[in-house]
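In order, the protein sequence lines correspond to chains R and E. Under this note's numbering, the first residue of the first sequence carries the number 847, and numbering increases by one thereafter. Under this note's numbering, the first residue of the second sequence carries the number 151, and numbering increases by one thereafter. Note that beta-carbon positions come from the ideal geometry of N, C-alpha and C, so glycine has one too. It should be emphasised that the depicted structure is a prediction, and the values quoted were computed from it without experimental measurement. See structure below.
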Amino acid sequence: EAGVAQSPRYKIIEKRQSVAFWCNPISGHATLYWYQQILGQGPKLLIQFQNNGVVDDSQLPKDRFSAERLKGVDSTLKIQPAKLEDSAVYLCASSLSGQGRYGYTFGSGTRLTVV
Amino acid sequence: QKEVEQDPGPLSVPEGAIVSLNCTYSNSAFQYFMWYRQYSRKGPELLMYTYSSGNKEDGRFTAQVDKSSKYISLFIRDSQPSDSATYLCAISPSSGYSTLTFGKGTMLLVSP
Chain R
847 EAGVAQSPRY
857 KIIEKRQSVA
867 FWCNPISGHA
877 TLYWYQQILG
887 QGPKLLIQFQ
897 NNGVVDDSQL
907 PKDRFSAERL
917 KGVDSTLKIQ
927 PAKLEDSAVY
937 LCASSLSGQG
947 RYGYTFGSGT
957 RLTVV
Chain E
151 QKEVEQDPGP
161 LSVPEGAIVS
171 LNCTYSNSAF
181 QYFMWYRQYS
191 RKGPELLMYT
201 YSSGNKEDGR
211 FTAQVDKSSK
221 YISLFIRDSQ
231 PSDSATYLCA
241 ISPSSGYSTL
251 TFGKGTMLLV
261 SP
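In structure tokens:
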């Protein structure tokens with residue numbers, strides 16, 4: 847089974863610029879998550895999709911972050927404008943059901959550096 | 151009080167040692183407990199999953215849950231250099247669309 851694909855792997859941008867990350871989940875996984883992992887911290891949920899609908903975006907800074915899931919498959923996460931504190935690894939994960947108790951499959955993440 | 155507390159380490163042990171990694175959580179509504187392993191520059195991968203209080207064993211790994219104390223542990227027997235990674239505990243409520251809440255992770259270094 848192919849894993850969760852993410853691109854790009856690394857991105858360096860200046861503050862106030864915009865950036866977008868892409869995720870392709872495991873085929874058949876209805877639930878897709880974007881997590882932010884700051885260095886030395888555990889992953890923090892940004893947004894959860896069930897098919898192409900949003901289930902939880904309570905921790906997404908909506909003034910600068912946006913996300914969409916196209917046709918219930920691929921997803922993009924965008925930051926505009928970026929701030930220094932957005933430097934982190936952005937992890938995409940997917941699962942068969944919407945219940946965290948079965949665990950997720952994570953991609954390798956996109957490492958964002960804002961300078 | 152954070153929902154999940156985990157000592158960040160690093161924890162350094164010699165090869166062959168028994169390793170104990172621990173987390174505490176604050177909300178008794180959490181019913182599902184997982185351990186993820188994260189190698190450098192990789193995403194977390196699911197290592198162990200438990201539901202009930204007690205022990206669950208998988209090879210050299212044992213996950214232990216004490217719901218009365220809100221305490222979860224991961225034991226690694228005969229630790230190997232390849233076990234060097236960050237170990238994240240994760241918890242989830244019992245039902246419905248639920249997300250995982252992660253601890254900060256404990257970095258483990260196993261020296262040959």
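Between the options, which lies nearest to residue i when the distance is taken from Cα to Cα?
i: T959 (chain R); options: R:I859, R:V850, R:A848, R:Q852; result: R:I859
i: F911 (chain R); options: R:G918, R:Q926, R:S873; result: R:Q926
i: F952 (chain R); options: R:A939, R:A866, R:N870; result: R:A939
i: W880 (chain R); options: R:K861, R:C869, R:A848; result: R:C869
i: G899 (chain R); options: R:K890, R:P889, R:R915; result: R:R915
i: G918 (chain R); options: R:Y856, R:D903, R:S873, R:R957; result: R:S873
i: L885 (chain R); options: R:E931, R:T922, R:G949; result: R:E931
i: R855 (chain R); options: R:S941, R:I893, R:V961, R:A934; result: R:A934
i: G255 (chain E); options: R:D903, R:Q883, R:F895, R:L937; result: R:Q883
i: C173 (chain E); options: E:I241, E:A179, E:E155; result: E:E155
i: L1041 (chain R); options: R:S941, R:P889, R:L923; result: With chain R covering 847 to 961 only, the question about residue 1041 (chain R) has no answer from this structure.
i: Y199 (chain E); options: E:Y186, E:L161, E:S190, E:G209; result: E:Y186
i: A928 (chain R); options: R:T956, R:G888, R:S864; result: R:S864
i: Y237 (chain E); options: E:F183, E:S170, E:Q188, E:S162; result: E:Q188
i: Y936 (chain R); options: R:D920, R:V961, R:K908, R:F867; result: R:F867
i: A240 (chain E); options: R:Q852, R:V850, R:G888, R:S853; result: R:G888
On the three-state DSSP scale, how would you describe residue i?
i: F931 (chain R); result: Per the sequence presented here, residue 931 (chain R) reads as Glu, with Phe not at that position. Note: E931 (chain R) maps to helix in three-state DSSP.
i: L238 (chain E); result: strand
i: P243 (chain E); result: strand
i: G204 (chain E); result: strand
i: P164 (chain E); result: strand
i: G209 (chain E); result: coil
i: L250 (chain E); result: coil
i: S232 (chain E); result: helix
i: L906 (chain R); result: coil
i: L259 (chain E); result: strand
i: R885 (chain R); result: Checking the sequence, you will find Leu at residue 885 (chain R) rather than Arg. Of the three classes helix, strand and coil, the one that applies to L885 (chain R) here is coil, per DSSP.
Under 8 Å, Cβ to Cβ, is there at least one residue of chain R near residue i?
i: G207 (chain E); result: Sequence inspection shows Glu at residue 207 (chain E); the Gly mentioned does not correspond to that position. Closer than 8 Å: no.
i: E153 (chain E); result: no
i: G255 (chain E); result: yes
i: P158 (chain E); result: yes
Quick one: is residue i near chain E, going by C-beta distance under 8 Å?
i: Y950 (chain R); result: yes
i: L878 (chain R); result: no
i: L942 (chain R); result: no
i: L937 (chain R); result: yes
i: G955 (chain R); result: yes
Is the CB of residue i under 8 Å away from at least one CB in chain C?
i: T249 (chain E); result: The structure shown contains no chain C; the protein chains it does contain are R and E.
From the DSSP output, read off the bridge partner residues of residue i.
i: I925 (chain R); result: R:V865, R:F911
i: E195 (chain E); result: E:R187
i: I893 (chain R); result: R:W880
i: Y856 (chain R); result: R:R957
i: E155 (chain E); result: E:T174
i: A939 (chain R); result: R:Y879, R:F952
i: A805 (chain R); result: Here chain R comprises residues numbered 847 to 961, so residue 805 (chain R) is not present and cannot be evaluated.
i: S218 (chain E); result: Per DSSP, none; premise fails for S218 (chain E).
i: G899 (chain R); result: R:Q896
i: V919 (chain R); result: For V919 (chain R), which the question treats as bridged, DSSP gives no partner whatsoever.
Which residues, in order along the region 883-903 of chain R, keep a beta-carbon less than 8 Å from a beta-carbon of chain E?
So the list reads G886, Q887, G888, P889, K890, L891, Q894, Q896, V901, D902, given in the order they occur along the chain.
Tell me which residues of the region 187-217 of chain E have at least one Cβ-Cβ distance to chain R shorter than 9 Å, keeping chain order.
Answer set for the region 187-217 of chain E: Q188, R191, K192, G193, P194, E195, L196, Y199, Y201.
What are the residues in the region 225-238 of chain E lying within 8 Å of chain R by C-beta distance?
Of all residues in the region 225-238 of chain E, the ones placed with a Cβ closer than 8 Å to any Cβ belonging to chain R are L238, in chain order.
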